[in-house]
Amino acid sequence: MIEEIGTTEQGELVVNLGPQHPSTHGVLHLVVTLSGETIKKVEPHLGYIHRSIEKMCESLSYRQFIYVTSRMDYLSSHINNHGCALCVEKGMQIEVPPRAKVIRVLMDELTRLASHQLWWGAMAMDVGALTPFFYAFREREAINDIMEETCGARLTMNYMAPGGVAFDLHPDFQRKVKDFLAFFRTKIDEYDELVTDNIIFQRRMEGIGYLSSEDAISYGCTGPTARGSGVSCDIRKSVPYEVYSQVQFEEVLETGGDCFARYNVRMGEMRQSISIIEQLIDNIPGGEFLAKTKAVLKLPKGEFYSKVETARGEFGVYIISEGGTTPYRIKFRSPGFSNLSALDHMARGHKIGDLVAIMGTLDLVIPDIDR
Amino acid sequence: MTKEELKISVTELLPSASFEEGSEWTTVLTGPDGWDSFARQVRSAPQLDFDYLFCVTAVDWKTHITVVYHLTSTVHRHTLVVKVKLDHDHPEVATVSGIWRTAEFHEREAYDLMGVVFTGHPDLRRLFLTDEWKGWPLRKDYEDPVNMIKL
Numbered sequence: 001m002i003e004e005i006g007t008t009e010q011g012e013l014v015v016n017l018g019p020q021h022p023s024t025h026g027v028l029h030l031v032v033t034l035s036g037e038t039i040k041k042v043e044p045h046l047g048y049i050h051r052s053i054e055k056m057c058e059s060l061s062y063r064q065f066i067y068v069t070s071r072m073d074y075l076s077s078h079i080n081n082h083g084c085a086l087c088v089e090k091g092m093q094i095e096v097p098p099r100a101k102v103i104r105v106l107m108d109e110l111t112r113l114a115s116h117q118l119w120w121g122a123m124a125m126d127v128g129a130l131t132p133f134f135y136a137f138r139e140r141e142a143i144n145d146i147m148e149e150t151c152g153a154r155l156t157m158n159y160m161a162p163g164g165v166a167f168d169l170h171p172d173f174q175r176k177v178k179d180f181l182a183f184f185r186t187k188i189d190e191y192d193e194l195v196t197d198n199i200i201f202q203r204r205m206e207g208i209g210y211l212s213s214e215d216a217i218s219y220g221c222t223g224p225t226a227r228g229s230g231v232s233c234d235i236r237k238s239v240p241y242e243v244y245s246q247v248q249f250e251e252v253l254e255t256g257g258d259c260f261a262r263y264n265v266r267m268g269e270m271r272q273s274i275s276i277i278e279q280l281i282d283n284i285p286g287g288e289f290l291a292k293t294k295a296v297l298k299l300p301k302g303e304f305y306s307k308v309e310t311a312r313g314e315f316g317v318y319i320i321s322e323g324g325t326t327p328y329r330i331k332f333r334s335p336g337f338s339n340l341s342a343l344d345h346m347a348r349g350h351k352i353g354d355l356v357a358i359m360g361t362l363d364l365v366i367p368d369i370d371r
Numbered sequence: 001m002t003k004e005e006l007k008i009s010v011t012e013l014l015p016s017a018s019f020e021e022g023s024e025w026t027t028v029l030t031g032p033d034g035w036d037s038f039a040r041q042v043r044s045a046p047q048l049d050f051d052y053l054f055c056v057t058a059v060d061w062k063t064h065i066t067v068v069y070h071l072t073s074t075v076h077r078h079t080l081v082v083k084v085k086l087d088h089d090h091p092e093v094a095t096v097s098g099i100w101r102t103a104e105f106h107e108r109e110a111y112d113l114m115g116v117v118f119t120g121h122p123d124l125r126r127l128f129l130t131d132e133w134k135g136w137p138l139r140k141d142y143e144d145p146v147n148m149i150k151l
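So the protein sequences, as listed, match chains A and B. Read left to right, the first sequence gives residues 1 to 371 (the numbering used here). Read left to right, the second sequence gives residues 1 to 151 (the numbering used here).
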């Protein structure tokens, strides 16, 4: 246990960043060792929002445990639910109706857009630009309204269920999504003009927090964090689930490895998500939205692993079943947890102000890390 | 590599290994002895090249504890699952944080919640819970009348 405040024997200053600090976006506690303003070491202290979700899930049924996972990565709650539903379906060999598959992908991509919008606003705010935060929330509000109509919730959706989705789409869904896309297409160009092309912003981002592709793999980074270092790791491409193999989209890769590269990956991903939604919104098949399943789900004895691509990277669900109605052991492989482990490596040698920029480009969601 | 080819390569490296059938990926069962050198070999052998450790799970089976390592290769795109069986009362296994750096956090989590000791780990402390915490919450025999709500 290191001394949490004061100076070290080498005359280095130990500073606590968080757990209550606006730039840590939640209750993350970083103990930073500084020499002057230069970072020597960053040590994350976790667990302020640890709820032991894995233990909780051991006493919940296969329908119930999906609801808890909305509370992990709350900005990707649809995609978390999706990963869990996929794992249960894999175990029980449930065939999901085509309509539900398309609805799931649409919801996933809308969630990705909403998550990246919030990240974009918060990222700009982290490096000192406050206005983008309000712009991002204005656009995100439109997605939340669409979600609210269909799912009845704005944050913890609990919409995906084993076998499909819990309810059918709201009659206004297609019209509202099309309206939103037309509106957002102009806004994303505005984002670029306002922030991406801003020379002050670029200076804050370029060459900061370099992560090589070897290190990204070794630290288990996934999602935009790894793709900013040129590592191809998009689950939607490598192990396509639902209808991702039938839609045209590109895996956005940057080779810079710095904060600006990670920023550009997410901006590119927003455009790809728009394209995926546009391809699917007029092609939602009719029919059932939920497969017929037994009232009580029982997974056969065995082990099942499924993974999905959330807005932050690879989310894995590992269920070990003994044949009962509840899992024997469940493990959530959360993307933020592994991405955070690379923070110390990325931040060393940079100034303390850059630490906030690096954290911003990791897009940390603390409940996802602590679980 | 296909599942069968992987089995052959793994048997060459670790003749004592046995395999578990019926799962999605090639699953190797082994004990803690030799896991460290086996891990180094699957990481460095060019035909295997398991450079990416994506999940470390500790499971309490009441009679023993297993640590499950999910490995994949970003070059060859094949996946290997290694299950290391440990003693229930004194679970100890060599760390792999020197091979895959992501293991440093994952192993701390397994220590914190399941009490698995990873020998040679650079900084084996509790990760989520406080340093004063007693017991290993994810074990099946863990009881905590104050902090735990029975569902």
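From the three backbone atoms N, C-alpha and C, an ideal C-beta is built for every residue, glycine too.
Under 8 Å between C-beta atoms, does residue i make it to chain B?
i, result
"residue 9 (chain A)", "no"
"residue 389 (chain A)", "The structure shown does not extend to residue 389 (chain A), since chain A is modelled only from 1 to 371, so the question has no answer here."
"residue 299 (chain A)", "no"
"residue 231 (chain A)", "yes"
"residue 338 (chain A)", "yes"
"residue 329 (chain A)", "yes"
"residue 358 (chain A)", "no"
"residue 348 (chain A)", "no"
"residue 212 (chain A)", "no"
"residue 206 (chain A)", "no"
"residue 148 (chain A)", "no"
"residue 403 (chain A)", "Not covered by the structure: residue 403 (chain A). The range shown for chain A is 1 to 371."
"residue 341 (chain A)", "yes"
"residue 370 (chain A)", "yes"
"residue 121 (chain A)", "no"
"residue 320 (chain A)", "yes"
"residue 333 (chain A)", "yes"
"residue 95 (chain A)", "no"
"residue 1 (chain A)", "Model confidence at residue 1 (chain A) stands at a pLDDT of 41, short of 50, so the residue's coordinates are unreliable and nothing is read from them."
For residue i, which residues from the same chain have a beta carbon less than 7 Å from its beta carbon, with the 5 sequence-adjacent residues on both sides left out?
i, result
"residue 87 (chain B)", "64"
"residue 168 (chain A)", "289"
"residue 99 (chain A)", "284, 285, 286, 287, 288, 289"
"residue 156 (chain A)", "70, 71, 74, 77"
"residue 33 (chain A)", "8, 12, 14, 40, 41"
Could you check what DSSP says for residue i in three-state terms: helix, strand or coil?
i, result
"residue 82 (chain A)", "helix"
"residue 164 (chain A)", "strand"
"residue 62 (chain B)", "coil"
"residue 121 (chain B)", "coil"
"residue 253 (chain A)", "coil"
"residue 57 (chain A)", "helix"
"residue 134 (chain A)", "helix"
"residue 40 (chain A)", "strand"
"residue 112 (chain B)", "helix"
"residue 7 (chain A)", "strand"
"residue 1 (chain A)", "Per-residue confidence for residue 1 (chain A) stands at a pLDDT of 41, beneath the threshold of 50, marking its modelled position as unreliable; the derived number appears in the next sentence. Here residue 1 (chain A) sits in coil by DSSP."
"residue 87 (chain B)", "strand"
"residue 128 (chain B)", "coil"
"residue 221 (chain A)", "coil"
"residue 52 (chain B)", "strand"
"residue 18 (chain B)", "strand"
Establish whether the CB of residue i and some CB of chain A are separated by less than 8 Å.
i, result
"residue 74 (chain B)", "yes"
"residue 104 (chain B)", "yes"
"residue 136 (chain B)", "no"
"residue 100 (chain B)", "yes"
"residue 23 (chain B)", "yes"
"residue 71 (chain B)", "no"
Please work out which residues of its chain come closer than 6 Å, Cβ to Cβ, to residue i, disregarding the five sequence neighbours upstream and downstream, and give them in chain order.
i, result
"residue 2 (chain A)", "Its pLDDT being 48, under 50, residue 2 (chain A) is placed unreliably by the model, and the measurement read from it follows with that caveat. Excluding sequence neighbours, residue 2 (chain A) sits near nothing in its chain."
"residue 204 (chain A)", "127, 357"
"residue 224 (chain A)", "262, 265, 266"
"residue 368 (chain A)", "72, 73, 334, 336"
"residue 120 (chain A)", "136"
"residue 319 (chain A)", "87, 304, 327, 330"
Within the same chain, show all residues whose beta-carbon is closer than 8 Å to that of residue i, passing over the 5 residues directly before and after it, in chain order.
i, result
"residue 123 (chain B)", "104, 108"
"residue 68 (chain A)", "53, 56, 57, 60"
Q) In chain order, which continuous runs of the beta strand (DSSP E) of length 3 or greater are located wholly inside the stretch 259-322 of chain A? A) 302-309, 314-321
Q.
What are the residues in the stretch 41-62 of chain B lying within 7 Å of chain A by C-beta distance?
A. 51, 52, 53, 54, 55, 57, 59
Q: Mind listing, in chain order, the continuous alpha helix (DSSP H) runs of no fewer than 4 residues lying wholly within the stretch 96-155 of chain A?
A: 98-126, 131-151
Q) Looking at chain B, which residues of the stretch 236-252 of chain A have a Cβ within less than 8 Å of any of its Cβ atoms? A) 238
Q | Interfacial residues, the stretch 39-73 of chain A to chain B, with Cβ spacing under 7 Å | A | 46, 47, 50, 52, 54, 55, 56, 59, 60
(Q) Runs of 3 residues minimum, wholly inside the stretch 316-367 of chain A: which ones carry the beta strand (DSSP E) assignment? (A) 329-333
Q | Contacting positions in the stretch 114-128 of chain B - beta carbon closer than 9 Å to chain A | A | 123, 125, 126, 127, 128
Q: Name, going along the chain, the residues of the stretch 214-225 of chain A whose beta-carbon falls closer than 9 Å to a beta-carbon of chain B.
A: 214, 215, 217, 218, 219, 220, 221, 222
**Q.** chain B contacts made by the stretch 261-274 of chain A, where a contact means CB separation under 9 Å
**A.** none
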